[in-house]
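S.K.:
Residue numbers (this note's numbering), protein chains in the order written: chain A, 139 to 531; chain B, 1057 to 1235; chain C, 12 to 327; chain D, 335 to 701.
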């Protein structure tokens, strides 16, 4: 079978596309040609600017090379030029779907370094907002993942809930996406009157409509046909890559910062972590969907716990973290977000490293796409939930 | 095409042609960052710009009439945006959606951010905000539709563009002129 | 493995961990620091790979999850590389930290991609940001985040932001640039420090410099009050490289204050009739008489005025 | 079964457009009918799609262009003729220009044989069904050609997928159509409608049925295969936007793109019309119910002008009903995978339709 080893490069004069080079393998009886297909940086499937170069053999993916950095805005450098209060306005923009959860890490880091006392009410408010923000994020992915599989409708239904929740959060924070509601020592301002009542109502409505999504997406036969068994991720690979969030939970590992290293008041309530079994695309989506329900459970508990009292503590005129380094890890909607904050005692951080969940999660894509079909590659790409800004910062 | 960019069309034909362009803005969303989410919000049920004839089903630039650049444009991305704009067929319109696309926004001092999409492609409407609300995009679209209804295709293709509209600064004026 | 926190009660304390690591690494372990709940282990460059392997394979430690890897600028001593590891079974976290060999010129650090898959992109990012080379990495280039032809290592402290050099902070005041007493921290970068990949940026920076050249040095002056207008700096002869950053910034502030005062005077003088001039007063009065709100009347009158102006221009 | 008299070698039933003795006037009228059908009905279908999708997705659809947004597609058309016509440099230019026409013309030609009412058709061919199925298959050549000539990898994959899809679904489509022809005993579309007006099941004499009742399986197969052949969602792999941007249409702009789009909508209408004729009793209101104005001895085959008008409306309403079903499927389902689609065709639909054909043939012979 020595013929199979021979390779012949052919450049047909009338090849479609200028840069197509067919590589003919074998003895010519049944020649196969490899084609490299570049998806992105502006492609409907990438919801953002993310590029992935696929080596295709027919519709079979032989290899995948993600190319990132199209959304690199230099957050870590900019953070070194902004003081500790201004950083919040940067951090809530890297993962634009979960602005509130992003701010949380900075606030906690600065508070720990300054040894600030945070009032109880502020902590519960932060939890409430963080959970609502988590639901906002997951709803977006329910819509966009279905869109990638060709179903246009779930997006519209997801945004029905999103608008309600955004309106709720806007009533307290003034922002629809970027809340900048946290400040070192608490939150900016107390909740408006009637907020908790409205919050409870929306929680009830969202819970009722949760079944719509199960029917519309998860229970759909074609959806199951497209996702079950697609792109399974083994546990050890996931851990070695540093994958967190729904993608990790889908493999069956219940590693969730809210449970394992409780911050805020997560230790005082029950946090359910939905788990998958095989780590395939279906499980990832299942976990994502059921995290909405888990978050609604948390929100209902927070409503019962919410104490009265002040929501922020007095800050010095100048926030200056003492010398030293701190690493704060919070559970973001897409995985664990880590902030390494190193201070030299000045007004701005010396080093502000963001360990963003999407960056680690996306590393799994080349592994998952090996040998998949082209439509499955899209299915995998969507099921490793990521936000491009969160990858590139 | 040939004729339309050579001669000024008679008024009734021009009206019908402008009306067609006005209500059929197939929209290519260049979603770059946070603003893309607000763009999607503007296309969904509550804000729903599809009722204005802005159809977000153009998956590629070839079928698009309107390019909405929503979000931060980085130096790495800039060539792709320019190329996509060039792939769009004339007449084409550009809405710069959000502070980052307008001028660099909160990343004005970054080493990797292009300070505004107008440095590489011409812009018709600027929508300010970080991110702007979906209502602001609707406002921008209506301002653009007014302009399309009154413009001359010949001038447009010859490159004689009108000054861009900046929402908030002179949008009411633009509407007055259009009315 | 899937039992999260199954061995939490048997997790090693930081002291025990240090003891274990010192036993295995010997002199490779330099010191340990425990601050704000972060347990940092400083290791020698030579023991870096060994320490990472140990952390993963030693059953008592079992740091199975790779969390993070990044660089830190260590001033004149070069660069540090930090790897954060986490153990799902014990709930412990450890930060391994080493100082790169090669100082600031050619920093290198052995790669740990063979031990943790996740280190791949993290090391590429560190190379992209700091220029730290990782021997043993499968493919460190091309640049992962920045443009491929980017020059310089952006997160190094000697890399300055060109925009900050080219134009003043557009906000009310720049908190990061002043210390408590209102003195400028010496962090004034120069144009050309960080040439961007695009001529566009460079051209913009030059243009901005042409409009706002660095002010000439003129004795220090105290001027701390913040104006709510971004100030333009008046033109002046080119700066003297021997002047220290603090003095230069002092001079710039003074020039800004002067410009501000000048602008404020202009505003006070020219504002009144300028606003009126752009309205068609007749239309305005008529609309007000019709009972329209002031805002609408003003807008319409403005439009009428501009139309009239254009008609006039057209006639001319 | 009534024996129909042929007026020409091929045509059977006379069209009401055969007025006068001349040749020119009937031809002009027929061309007008076909072009009118071709340009108006797909627009109505497209408007219906916009509105139905909007309502199902909790929004309103277009409302600004024209009354209730009804001129949205007209605006699209006017826009497309003004757009710049771009031909990629690397494209195979003659083929690139030819492809949309090659896709469009067959879609136009099918309208020739579709009967909307008694006598309301351009021509009633003896081999009408054969003609319709043969002609619709040509469209895919245009798609393949466009995919190849665009010099774009997405287009190429899209075109190839469209070809593969056509081969897979043509077979069940044709076998099911043959089954209907066996039941009706004719290939003429008018004849099939008439056969349905007189069709009864043994034991249920006097109880008129359309072919959809005994042939519900056949109807389902035909519906699925038709959607796949039109590459409508959930079978829209050739233009799957999340994978292939716009498939074979990726590089097309302006009027050429509009031609592809019109082909798709016209295809929806022709396939629906075929289904109406083959299974849903053509222009009959309900099985066994006489259309007002058609009470004569010849039944549905000869009506007064009011009856003809009602019949045409009934046909159009049925077509729109099927278009509605297609839109519903688009709204409700994600896209299938190419191999799943092939599997459905070769492992489910083809055997099923063959069994159906055998069953029906045996029954027809025995009874």
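All C-beta atoms in this analysis are idealised placements derived from N, C-alpha and C, irrespective of residue type, glycine included.
The model shown is predicted, which means the values in this text are computed figures rather than measured ones.
Return the first residue and the last residue of the alpha helix (DSSP H) that residue 305 of chain D is part of.
M.R.: Lying outside 335 to 701, the shown extent of chain D, residue 305 of chain D is not represented and no answer is given.
S.K.: What would DSSP say about residue 491 of chain A, mapped onto helix, strand or coil?
M.R.: DSSP places residue 491 of chain A in strand when its eight states are reduced to three.
S.K.: Which class does residue 442 of chain A belong to by DSSP, given the choice of helix, strand or coil?
M.R.: In the structure shown, residue 442 of chain A sits in a helix (DSSP, three-state: H, G or I).
S.K.: May I ask you to report which of helix, strand or coil DSSP gives residue 198 of chain A?
M.R.: Residue 198 of chain A falls in the strand class under three-state DSSP.
S.K.: Counting C-beta neighbours from all protein chains within 10 Å, is the total for residue 1119 of chain B 16 or more, i.e. buried, or is it exposed?
M.R.: By the neighbour-count rule (16 or more Cβ atoms within 10 Å), residue 1119 of chain B is buried.
S.K.: Suppose the cutoff is 6 Å on Cβ atoms and the five residues either side in sequence are ignored; what does the same chain contact list for residue 198 of chain C look like?
M.R.: Residue placement at residue 198 of chain C is flagged as unreliable, the pLDDT there being 44, under the threshold of 50; the coordinate-derived value follows with that caveat. For residue 198 of chain C, where only same-chain residues beyond five positions count, there are no Cβ hits under 6 Å.
S.K.: Does the count of Cβ pairs from the stretch 359-369 of chain A and the stretch 299-310 of chain A closer than 8 Å reach three?
M.R.: Output reads no: the stretch 299-310 of chain A does not touch the stretch 359-369 of chain A.
S.K.: Check each candidate in A/320, A/291, A/303, A/203 and name the one with the smallest Cα separation from residue 238 of chain A.
M.R.: Closest by alpha carbon: A/320.
S.K.: When the distance is taken between beta carbons, is residue 492 of chain A closer than 8 Å to residue 213 of chain A?
M.R.: Against a cut-off of 8 Å, the Cβ pair of residue 492 of chain A and residue 213 of chain A comes out as a contact.
S.K.: Can you list, in chain order, the residues of its chain with a C-beta nearer than 7 Å to that of residue 1159 of chain B? Leave out the 5 residues immediately preceding and following it.
M.R.: For residue 1159 of chain B, where only same-chain residues beyond five positions count, the Cβ hits under 7 Å are 1171, 1172.
S.K.: Does the stretch 1067-1076 of chain B come close enough to the stretch 205-220 of chain A that 3 or more CB-CB pairs lie under 8 Å?
M.R.: These segments do not touch.
S.K.: State the DSSP-derived secondary structure class of residue 620 of chain D, mapped to helix, strand or coil.
M.R.: Looking at residue 620 of chain D - three-state DSSP - the assignment turns out to be strand.
S.K.: Determine, for residue 379 of chain A, whether the minimum Cβ-Cβ distance to residues of chain C falls below 8 Å.
M.R.: Interface residue, yes.
S.K.: Could you give the distance in angstroms between the alpha-carbon of residue 350 of chain A and the alpha-carbon of residue 427 of chain A?
M.R.: Residue 350 of chain A and residue 427 of chain A: Cα-Cα distance of roughly 11 Å.
S.K.: Anyone know if the C-beta pair for residue 276 of chain A and residue 471 of chain A falls short of 8 Å?
M.R.: Yes, these two residues count as a Cβ contact at 8 Å.
S.K.: Which partner residues of residue 546 of chain A appear in the DSSP bridge assignment?
M.R.: Residue 546 of chain A cannot be examined here, being either before or after the span of chain A that is shown, 139 to 531.
S.K.: Sort C/324, C/16, C/317, C/319 by Cα distance to residue 104 of chain C and report the nearest one.
M.R.: Ranking the options by Cα distance to residue 104 of chain C, first place goes to C/16.
S.K.: Using 8 Å as the limit for Cβ to Cβ distance, is residue 433 of chain A near chain D?
M.R.: Not an interface residue.
S.K.: So is residue 361 of chain D buried or exposed if we call it buried at 16+ other beta carbons inside 10 Å?
M.R.: Per the 10 Å Cβ criterion, exposed.
S.K.: With DSSP as the reference, label residue 135 of chain C as helix, strand or coil.
M.R.: Helix at residue 135 of chain C.
S.K.: Looking at the structure shown, is residue 416 of chain A part of a helix, part of a strand, or coil, going by DSSP?
M.R.: Three-state result, residue 416 of chain A: coil.
S.K.: Using a Cβ-Cβ cut-off of 8 Å, state whether residue 173 of chain A counts as contacting chain D.
M.R.: Yes, residue 173 of chain A counts as interfacial toward chain D.
S.K.: Going by DSSP, what residue range makes up the beta strand (DSSP E) through residue 508 of chain A?
M.R.: Here residue 508 of chain A belongs to no beta strand (DSSP E), and DSSP marks it neither H nor E.
S.K.: Taking the alpha-carbon positions, what's the residue 644 of chain D to residue 626 of chain D distance?
M.R.: Straight-line Cα distance between these residues: approximately 8 Å.
S.K.: Is residue 438 of chain D a contact residue of the ligand SAH, with contact defined as CB to any heavy atom under 7 Å?
M.R.: As presented, the structure is devoid of all ligands, the ligand SAH included, so that no description of it is given.
S.K.: For a quick check, are the C-beta atoms of residue 516 of chain A and residue 503 of chain A less than 8 Å apart?
M.R.: No.
S.K.: Taking the Cβ atom as the reference point for each residue, do residue 711 of chain D and residue 377 of chain D lie within a distance shorter than 8 Å?
M.R.: For residue 711 of chain D there is no data in the structure shown, the boundaries of chain D being 335 and 701.
S.K.: Near residue 698 of chain D, which residues of its chain fall below 7 Å by C-beta distance, leaving aside the five closest residues on each side in sequence?
M.R.: Closer than 7 Å at the Cβ level, and outside the excluded window around residue 698 of chain D, lie 516, 517.
S.K.: Which word fits residue 456 of chain A, buried or exposed, when buried means at least 16 other C-beta atoms lie within 10 angstroms of its C-beta?
M.R.: That one is exposed.
S.K.: Report buried or exposed for residue 242 of chain C, applying the criterion of at least 16 other Cβ atoms within 10 angstroms of its Cβ.
M.R.: Low local confidence applies: a pLDDT of 39 at residue 242 of chain C is under 50, so the model's placement there is unreliable, with the coordinate-based value given in what follows. By the neighbour-count rule (16 or more Cβ atoms within 10 Å), residue 242 of chain C is buried.
S.K.: Is residue 466 of chain A near residue 243 of chain A, with beta carbons less than 8 Å apart?
M.R.: Cβ atoms of residue 466 of chain A and residue 243 of chain A: closer than 8 Å.
S.K.: What residues of chain E sit near residue 1132 of chain B, judged by a beta carbon separation below 7 Å?
M.R.: The structure shown contains no chain E; the protein chains it does contain are A, B, C and D.
S.K.: Could you give the C-beta distance for residue 541 of chain D and residue 534 of chain D, rounded to a whole number, given that I count them as a contact under 8 Å?
M.R.: Confirmed, Cβ separation roughly 6 Å.
S.K.: Measuring only the C-alpha atoms, how far is residue 1180 of chain B from residue 158 of chain C?
M.R.: Between residue 1180 of chain B and residue 158 of chain C, the C-alpha separation is close to 28 Å.
S.K.: I think residue 278 of chain A touches residue 462 of chain A, with their Cβ atoms under 8 Å apart; what is that distance to the nearest whole Å?
M.R.: Not a contact, Cβ separation roughly 37 Å.
S.K.: If you compare alpha carbons, which of D/474, D/365, D/438, D/468 is closest to residue 591 of chain D?
M.R.: The candidate whose alpha carbon is nearest that of residue 591 of chain D is D/438.
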